[in-house]
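Undergrad:
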Amino acid sequence: TELSETLQSQDVFDLEYAADLNITNDGSEVYFIRHYMDIHSDKKLGNIWKVTQNGELTPVTTGKHQQYGMALSPDNKRLAYISSESGNPQIHMQWLETGATGQMTNLTTAPSRLTWSADGKYLAFQMFVPEKATPPVSLPGKPEGAEWAEPAIYIDDVYYRFDGGGYTKPGYTQIFLLSAQGGTPRQLTFDEFNNNGAMSWSQDGKQLYFSANRHQNFRLEPVNTDIYRYELASGEISAVTDRNGPDNQPSVSPDGRYLAYLGYDDRGTNYENTQVYVRDLSSGKTQSLTADLDRSVDSLHWDGSSRGLYIQYDDQGKTRVAYQPLKGKAKQLTDKLGGQSYGRPYTSSEFDVASDGTVTFTYSAPDRPADVGLHTGGKDIQLTHLNDDALGHKTLAKVEEFWFKSSADGRDIQGWIAYPPGFDKDKKYPMVLEIHGGPVTAYGPHFAAEIQLYAAAGYVVVYINPRGSSSYGEEFAQTIHLNYPSQDYDDLMSAVDTVIDKGFIDERELFVTGGSGGGVLSAWIVGHTDRFKAAVVAKPVINWYSFVLTSDFYPYFYKYWFAAKPWEDLEGYMQRSPISYVGNVTTPTMLLTGEADYRTPISESEQYYQALKLQGVETAMVRIPDAPHGIYKRPSNLMSKVEYILWWFEQYRDERPVKN
Ligand SMILES: CSCC[C@H](NC=O)C(=O)N[C@@H](CC(C)C)C(=O)N[C@@H](Cc1ccccc1)C(=O)O
């Protein structure tokens, strides 16, 4: 058959995906944000749409806005959401029976986490409250009308910049209460903590549960969140949990008897399974429902009868929803969740449940970003086809799962092969090995523009979940505790050998790329083998010593990824740093990083670039202006990333592909 069009990088502007799924109590309709890429502002925007069980789609809001944080009222008659249509983010409401809409607030900073009280009379929300910063120094002698340089910036907080958010301002996130009739929000919390975790109301509306890190030393105990109870009548705040380790996502059962939440005991490792806990609110008795699951639960929703919970977790690169009763075994419902990470094939999804047990979820397929799916009557139904117009006429890469044994120790490892459109097993193809970051995350059989674009350019693309990835249980993730990179390198090389053995790879045409943790591993690869013809190392850590002292989340990294502070274990830090092996590199290696990446700051890439130059190795550096760690967030930056990677590889191909 003749090939139809293949995917081009500019097609990323045509992608849409579903998010913020809210299902009605009777399961008949799903409200969701229909995200699209605006080619003029180069940003992801989104409006609210509704889809019925038979797939009928209706717009609920319109306009070129960013709308998000949607929350359907308990009686399903109103929809609260956040919209930037007035110029900055405000709470809006739509009365669904009449279609009347209104802006409910005039806030000075962005609201988040809209949470309805059970009687539908109030919305709790959160908002950053800035504090006045008085600089310790002011300069004397400025003549009137003089134009002096911007004043110096004084910093004394532990966290002074966040990836994606820029340099921080002094202040804290506080909880507010807004009448569903509108009016002035009332501030509920005032203390010097970030009260910024998920919230849930008691059924009688007298208490608000929320998660936050309210420990005196919270800045240096970065994952020690607990659940707190706020008494609406007195303003008193008391701790419900107090263990060492995160407790979050509180959710009061519909009958008001139980509080469910997620968490784990912090043992100081790189990964622990997040479990579901249920506390009987009158006796205080608490039990874990998922101690035997050996997977991390990411989210939960109560069943309408309060007899159990619907839970979401990653398993072997896919995401499942299961029903976990308060007593007894879990029942699997669907494993078709995903599709929200449209750049690279990370697991990323969400779900919601109606009172009758109908589950809506983001429906994943290797050839489409997230659609709205429904699980009802034991079946999965795809309700929307948001990208059939943009992608339906194109030939996309087929994605096939494979398993192989690692040469390190015979461990079973899972991976996927994306075949170029028009693939013929009797021909020989160049290969791209694409490596995920985290390092405790997972790739899976999900749509990814980057993978699809490399395949459309004629490469067989291989991606795997090396040891250390999530979705295979605690032992698998913890193999890299204080040991990253290590045998994950062997897993990656075994994947390459396994695919070569299939007979359709030109062994002389091997290429490698990866981002973040995948940048660490691709730099590690070129320092340990010369099998690849060219490499692109994206947003990497090159030197763990400098990374820990420049990354935004440094109180976490030194504590959970290393045995000691950098100056206490110089040898350990350097032994695991790609910079230590730069003397071995002969592979032409390009660096690519966002200039506003405060997670893996661009100084990491600069170190490797300069070292490679000193070594006389072919190299180049691509700097993406203003881009944070999530380079893909602006579609044109995703295009730049892919175009530069393909261009770099093409320089080193024996036969360059002919551009049409
Ligand atoms: C508790 S913070 C752990 C670090 C965080 N992990 C999230 O998965 C992270 O930012 N990891 C970086 C590498 C690290 C700073 C050396 C990373 O590999 N990022 C990946 C994965 C990722 C995907 C989506 C959102 C956040 C991270 C990447 O950017 O591809």
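The sequence shown begins at 1 in mature numbering (1 follows the signal peptide of the UniProt record, and there is no 0) and counts up one residue at a time.
Note that beta-carbon positions come from the ideal geometry of N, C-alpha and C, so glycine has one too.
1) Are L386 and Y632 closer than 8 Å when you measure CB to CB?
2) Determine the direct distance from the alpha carbon of F447 to that of Y342, and round the result to whole angstroms.
3) For the stretch 410-475, list the beta strand (DSSP E) runs that are entirely contained and at least 3 residues long, ordered along the chain.
4) Any heavy atom of ligand 1 within a distance shorter than 7 Å of the CB on G572?
5) Please give me, in chain order, every unbroken run of the beta strand (DSSP E) with length at least 3 that falls completely inside the stretch 255-286.
6) Scan the stretch 549-602 and note each continuous alpha helix (DSSP H) run of 4 residues or more that stays entirely inside, going in chain order.
7) By the three-class DSSP mapping on this structure, what secondary structure does A158 have?
8) Anyone know if the C-beta pair for L188 and G235 falls short of 8 Å?
9) Out of G102, T173, Y122, which one is the CA nearest neighbour of V129?
10) Got a sec? Which residues, its chain only, sit under 6 Å from T358 by beta carbon, not counting five neighbours each side?
11) Suppose the cutoff is 6 Å on Cβ atoms and the five residues either side in sequence are ignored; what does the same chain contact list for T593 look like?
12) Please name the residue or residues paired with F176 in a DSSP beta bridge.
13) What's the gap between the Cα of S179 and the Cα of P185?
14) Consult DSSP for M199 and reduce its assignment to one of helix, strand or coil.
15) Return the CA-CA distance between Y160 and T550, expressed in angstroms with no decimal places.
16) Tell me the DSSP secondary structure of V30 in three-state form.
17) What do you get for L570, buried or exposed, if any count of 16 or more other CB atoms within 10 angstroms of its CB means buried?
18) Please go through the same chain and pick out, in chain order, the residues whose beta-carbon is closer than 6 Å to the beta-carbon of Y581, but skip the five residues on each side of it.
19) Could you give the DSSP three-state label for D294: helix, strand or coil?
20) State the DSSP-derived secondary structure class of N660, mapped to helix, strand or coil.
21) Here's the rule I'm using: 16 or more other beta-carbon atoms within 10 Å means buried, otherwise exposed. How should G197 be labelled?
22) Taking buried to mean at least 16 other C-beta atoms within 10 Å of its own C-beta, is F511 buried or exposed?
23) For S306, name the three-state secondary structure that DSSP assigns.
24) Kindly indicate which residue of S486, F504, Q275, I227 has the alpha-carbon position closest to the one of D426.
25) The alpha helix (DSSP H) spanning Q67 covers which residue range?
26) So what does DSSP say about M104, is it helix, strand or coil?
27) Going along the chain, which residues of its own chain have a beta-carbon closer than 7 Å to the beta-carbon of N660, five neighbours each way excluded?
28) Roughly how many angstroms lie between the CA atoms of R411 and I82, to the nearest whole one?
29) Can you check which of these residues, R267, Y277, Y363, G378, is closest to T319 by C-alpha distance?
TA: Looking at the coordinates:
1) As a working mapping, residue 386 is identified with position 386 in the sequence shown. As a working mapping, residue 632 is identified with position 632 in the sequence shown. The answer is no: Cβ separation not under 8 Å.
2) Within the sequence shown, numbered from 1, the residue matching residue 342 stands at position 342. Within the sequence shown, numbered from 1, the residue matching residue 447 stands at position 447. Straight-line Cα distance between these residues: approximately 6 Å.
3) 412-419, 429-435, 460-465
4) Working through the sequence shown from its first residue, we reach residue 572 at position 572. Every heavy atom of ligand 1 is 7 Å or more from the Cβ of G572, so no.
5) 258-263, 275-280
6) 554-561, 570-575
7) Within the sequence shown, residue 158 is the residue found at index 158, counting from 1. Note that residue 158 is Val in the sequence shown here, rather than Ala. Looking at V158 - three-state DSSP - the assignment turns out to be coil, as it is neither helix nor strand.
8) Locating residue 188 in the sequence shown gives position 188, where the first residue counts as 1. Locating residue 235 in the sequence shown gives position 235, where the first residue counts as 1. Yes, Cβ-Cβ distance for L188 and G235 is below 8 Å.
9) Here residue 129 refers to the residue found at position 129 of the sequence shown. V129 has its Cα closest to that of T173, out of G102, T173, Y122.
10) Against the sequence shown, residue 358 aligns to sequence position 358. Hits under 6 Å: G27, T376.
11) Residue numbering aside, residue 593 sits at position 593 when the sequence shown is read from its first letter. Closer than 6 Å at Cβ, skipping near neighbours: K539, I602, S605.
12) Position 176 of the sequence shown, counted from the first residue, corresponds to residue 176. DSSP, once it has assigned bridges, lists F125, Q187 as partnering F176.
13) The residue labelled residue 179 in the question sits at position 179 within the sequence shown. The residue labelled residue 185 in the question sits at position 185 within the sequence shown. Approximately 7 Å between the Cα atoms of the pair.
14) The residue you call residue 199 lines up with position 199 of the sequence shown. If DSSP states are grouped into helix, strand and coil, M199 belongs with the strands.
15) Position 160 of the sequence shown, counting from 1, holds the residue named residue 160. Position 550 of the sequence shown, counting from 1, holds the residue named residue 550. In a straight line, the C-alpha of Y160 is about 11 Å away from that of T550.
16) Counted from its first residue, the sequence shown places residue 30 at position 30. Strand at V30.
17) The count along the sequence shown starts at 1 and reaches residue 570 at position 570. Counting Cβ neighbours within 10 Å, L570 comes out exposed, since fewer than 16 surround it.
18) Looking up residue 581 in the sequence shown gives position 581. Closer than 6 Å at Cβ, skipping near neighbours: G527.
19) In the sequence shown, residue 294 corresponds to position 294, counting from 1. DSSP places D294 in coil when its eight states are reduced to three.
20) Locating residue 660 in the sequence shown gives position 660, counting from the first residue. The pLDDT assigned to N660 is 46, lower than 50, so where the model puts this residue is not dependable; a value taken from the coordinates is nonetheless given after this. Coil, per DSSP.
21) Locating residue 197 in the sequence shown gives position 197, where the first residue counts as 1. Burial call: buried.
22) Within the sequence shown, the letter at position 511 stands for residue 511. Buried, by the Cβ-count rule.
23) Position 306 of the sequence shown, counted from the start, is the residue given in the question as residue 306. Three-state result, S306: coil.
24) The count along the sequence shown starts at 1 and reaches residue 426 at position 426. When each option's Cα is compared against that of D426, the closest is F504.
25) Here residue 67 corresponds to residue number 67 of the sequence shown, with the count starting at 1. Here Q67 belongs to no alpha helix (DSSP H); instead the beta strand (DSSP E) covers 67-72.
26) Taking the sequence shown and counting its residues from 1, the one referred to as residue 104 is at position 104. Looking at M104 - three-state DSSP - the assignment turns out to be coil, as it is neither helix nor strand.
27) In the sequence shown, the residue the question calls residue 660 occupies position 660. Since pLDDT at N660 reaches only 46, below the 50 mark, its modelled position is unreliable, and the value read off the structure follows with that caveat. Answer for N660: no residue qualifies.
28) As a working note, residue 411 is residue 411 in the sequence shown. As a working note, residue 82 is residue 82 in the sequence shown. Each residue's Cα considered, the two are about 47 Å apart.
29) Taking the first residue of the sequence shown as position 1, residue 319 is located at position 319. That would be Y363, whose Cα lies nearest to the Cα of T319.
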